[in-house]
Amino acid sequence: AEGGWFGAAAGGFKIPASAVMMGVIGTSFDVKNVPVSKVNMVSYLLGSFAPAIVRTIFGQPAFGSEWGEVLANVCSSIIVLLFCFFLPVSWGMAAQTDNLRRKRAYNMLGRMLVEPGVEVKEILKFAEKSGGGWEEEAQSETSKETDLGCVYVNPKNTDNVLAWTMCRNIVRVYGRPFMLRGEAYLSVDLVVSLFLLACIIILILGGVDHNVWDVVQMFWIMIALVNTVVFTSLSVVDLNSQVTEHREILRSAQVEILANSKEDEADRALMFLDAVDKLVETREQKSDPHKIFGFAASTQIVQTYLGIIGSGCLFAAQTFLTSQAHYSSDGTFVQGEGEIFGR
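In my numbering, the protein residues as written are 1432 to 1774.
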């Protein structure tokens, strides 16, 4: 990559760094949207109409007896379906798709650092014309069914590493506003799920007057949000894992250069690789990593979140069972003994 160009070994021509960058971005957008499974769709519908189902089980009219009550309950179920299920879940799916695209882009950049690299045909499929004449030459080679070779970033060549670093920086900030919006919505889903858990615990511990279908619907919404938060968070964790992998490859290259090169030949390449490694560490692992609720995304955060949700649910269930609280035949909560906030 001399002067912003990457060389294709087998093809004998050079590809501009801008084309490589666009090839990486184009390849990442070849990832299909994360689909919503039919099971989840059915569960969202059941969750939104859970009060009507539970009322029926308890021998009550599904949506009430008066027409005004029926209208209010139907509208309430539709609003819950749209704003408590479809809206947060659809944003979670969009964020997961964006993270998968970024992961694929990072993976492609990482493969460039390891021999044999990334096939030129893979980049050529999405490359943008740059007026350098390389595309016509590559297409003519393709028509001859010639192996175009691979784009390999030689760590000993500082121009190669510089071009790779510039491509990587641009790929990282590509679509950044949408990525930050996805992280913000992820944080909102996380807070709302914890808030619903707190509401369920307070209803049971405090003996607050409520009906069984209120708890069922809050629990159903919470589970849907937890599912979205966990899978979206894991996709964010994967991005930080890719950053760590790139740093490991850069460090391995330094070790290889030290082992196989003379001291005077290795100094410049080692200093440059070390500078790139520190740049990635400072920018992407310390000052601006991919985040969950403002913290650098990691599996420990996901495990802590699941631990809080699980502990809260078990605590609420244990309190309900040991306090002799129960629900009457019409679904109304009947206070037991020993509620912390009981009257």
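Glycine included, every Cβ here is placed at the ideal spot set by N, Cα and C. Since this is a predicted model, take the numbers as computed values, not measurements.
(message) Mapping the DSSP letters down to three states, classify residue 1577 as helix, strand or coil.
(response) In this predicted model, residue 1577 has a pLDDT of only 48, less than 50, meaning its place in the structure is not dependable; the value taken from the coordinates is given anyway. Correct three-state label for residue 1577: coil.
(request) Sort out for me which residues DSSP pairs residue 1758 with in a bridge. (result) 1764
(request) Evaluate residue 1598 with the Cβ neighbour count: other Cβ atoms within 10 Å of its Cβ, from every protein chain shown; 16 or more gives buried, anything less gives exposed. (result) buried
(message) Contact defined as beta carbons within less than 8 Å: I believe residue 1740 pairs with residue 1732. What is the distance between those atoms, to the nearest angstrom?
(response) The pair is not a contact, with the Cβ atoms about 13 Å apart (cut-off 8 Å).
(message) Within a Cβ cutoff of 7 Å, which residues of the same chain sit near residue 1759, ignoring the five residues on either side of it in sequence?
(response) 1765
(request) Find the nearest neighbour of residue 1677 within the set 1743, 1487, 1543, 1466, judged by alpha-carbon distance. (result) 1543
(request) For residue 1509, count neighbouring C-beta atoms within 10 Å of its own C-beta (all shown protein chains included) and say buried if the count is 16 or more, exposed if not. (result) exposed
(message) Just to confirm, is the Cβ distance from residue 1470 to residue 1528 under 8 Å?
(response) no
(message) Alpha carbons only, please: which of 1485, 1757, 1742 is nearest the one belonging to residue 1639?
(response) 1757
(message) Looking at the strands, I want to know which residues DSSP matches up with residue 1550.
(response) 1581
(request) Just grab the DSSP bridge partners of residue 1504 for me. (result) DSSP, once it has assigned bridges, lists no residue as partnering residue 1504.
(request) Enumerate, from N- to C-terminal direction, the unbroken alpha helix (DSSP H) stretches of 4 or more residues contained entirely within the segment 1671-1738. (result) 1694-1712
(request) Identify which residue in 1449, 1755, 1620, 1646 has its Cα closest to the Cα of residue 1662. (result) 1620
(request) Locate the alpha helix (DSSP H) running through residue 1784, then write down its first and last residues. (result) Residue numbering for the chain in the displayed model covers 1432 to 1774; residue 1784 lies beyond these limits and cannot be assessed.
(message) Which residue marks the beginning of the alpha helix (DSSP H) containing residue 1474, and which one marks its end?
(response) 1469-1479
(request) Mind reading off the beta-carbon distance from residue 1536 to residue 1455? Whole number of angstroms is fine, and I expect it under 8 Å. (result) 5 Å
(request) Rank 1718, 1738, 1588, 1747 by C-alpha distance to the C-alpha of residue 1701 and give the top, closest one. (result) 1588
(request) Below 8 Å on the Cβ atoms is my guess for residue 1704 versus residue 1547; work out the distance and round it to an integer in Å. (result) Contact flag wrong, Cβ pair sits at about 20 Å.
(message) As a quick exercise: from 1690, 1632, 1655, 1720, pick the residue whose alpha carbon is nearest that of residue 1675.
(response) 1720
(request) Decide yes or no for the touch test of the segment 1625-1637 against the segment 1476-1493: beta carbon pairs closer than 8 Å, at least 3 of them. (result) no
(message) residue 1651 and residue 1778 - do their beta-carbons sit closer together than 8 Å?
(response) Residue 1778 lies beyond the range of the chain shown here (1432 to 1774); nothing can be said about it.
(message) Using DSSP's beta-bridge definition, name the partner residues of residue 1642.
(response) 1763
(request) On a CA-only basis, which of 1493, 1591, 1593, 1726 is nearest residue 1667? Give me that one, please. (result) 1726
(request) Output the residue ranges of the beta strand (DSSP E) runs that lie fully inside the segment 1578-1628 and measure 3 residues or longer, sorted by chain position. (result) none
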